[in-house]
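Notes follow once the structure below has been shown.
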Amino acid sequence: MKGFTREEVRFSLCGLNCALCSMHLGGYCPGCGGGAGNQSCTIAKCSLAHGGVPFCWECPEYPCSRYDGFDDGDSFVPHRNRQQDITRAQELGLDAYLTQLAEKRAILDTLLAGYNDGRRKTFFHTAVYLLPLGELQSVMADLNRRPELAGQPIKERALVAAELLQQAADRRGISLKLNKKAKKG
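For the sequence shown, counting from 1, position 84 maps to 607 in the working numbering; every step adds exactly one.
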């Protein structure tokens, strides 16, 4: 969108963690306001109309009707934590929140480099996106306490990592399945 740019592209206007998004990491999306890509976002247009607020929560009209039903589906990027992530960024401060995002990104990079059998990329992205940092750190510590995994085939390492992430999600009551938006009609 012409005239729309942002300094921070790791955390979107509306609260999506672009730093953990498979499209952003794959180079298919620059993050909102980061350049060419999905620049037709209505929230980006709204930001421009409201003086270029860098995050929706800084707008005096937040939360507005644009957020009605926004979290109902997440078949591409997990939206379920968006509101929670906005609150967390407000409470911690943006810099501290982005530091935690960087830690989650490092965990994701480790999972993708050492445990992805070619079938777990979306699962790992979703798990890292939705699970709290402490749970992810526990999973990684558990994986690191298993030196025998280093000699295992990638399929075995992937299975163990996926099981540990699923157990962490189950403990928290978090579903790692993506939700499709209900069709209107």
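Every residue gets a Cβ at the ideal spot worked out from N, C-alpha and C, and that includes glycine.
Item to check | Ala664 and Gln689 closer than 9 Å at C-beta | outcome: No, they are not a contact pair.
Checklist entry - Assuming Thr565 contacts Arg589 under a Cβ cut-off of 8 Å, what Cβ separation, rounded to an integer in Å, is found between them? => result The C-beta distance from Thr565 to Arg589 rounds to 7 Å, short enough to fall under 8 Å.
Checklist entry - Asp608: buried (16+ other C-beta within 10 angstroms of its C-beta) or exposed? => result Buried, because 16 or more other Cβ atoms sit within 10 Å of the Cβ of Asp608.
Checklist entry - Roughly how many angstroms lie between the CA atoms of Lys678 and Asp640, to the nearest whole one? => result Lys678 and Asp640 have their C-alpha atoms spaced approximately 5 Å apart.
Checklist entry - Taking Cβ positions, are Glu671 and Arg695 nearer each other than 9 Å? => result Not closer than 9 Å, so no.
Checklist entry - Taking Cβ to Cβ, would you say Leu699 is nearer than 9 Å to Val683? => result In this structure, Leu699 sits away from Val683, with a CB-CB distance that is not shorter than 9 Å.
Checklist entry - Looking at Arg533 and Leu484, is the spacing between their C-beta atoms short of 9 Å? => result It is not possible to answer for residue 484, since the shown part of the chain is limited to 524 through 708.
Next on the checklist: To test your reading of the DSSP string, which unbroken alpha helix (DSSP H) runs of 4 or more residues are found completely within the segment 572 to 629?
Outcome noted: The segment 572 to 629 is shown to contain whole alpha helix (DSSP H) runs of 4 or more residues at 605 to 615, in chain order.
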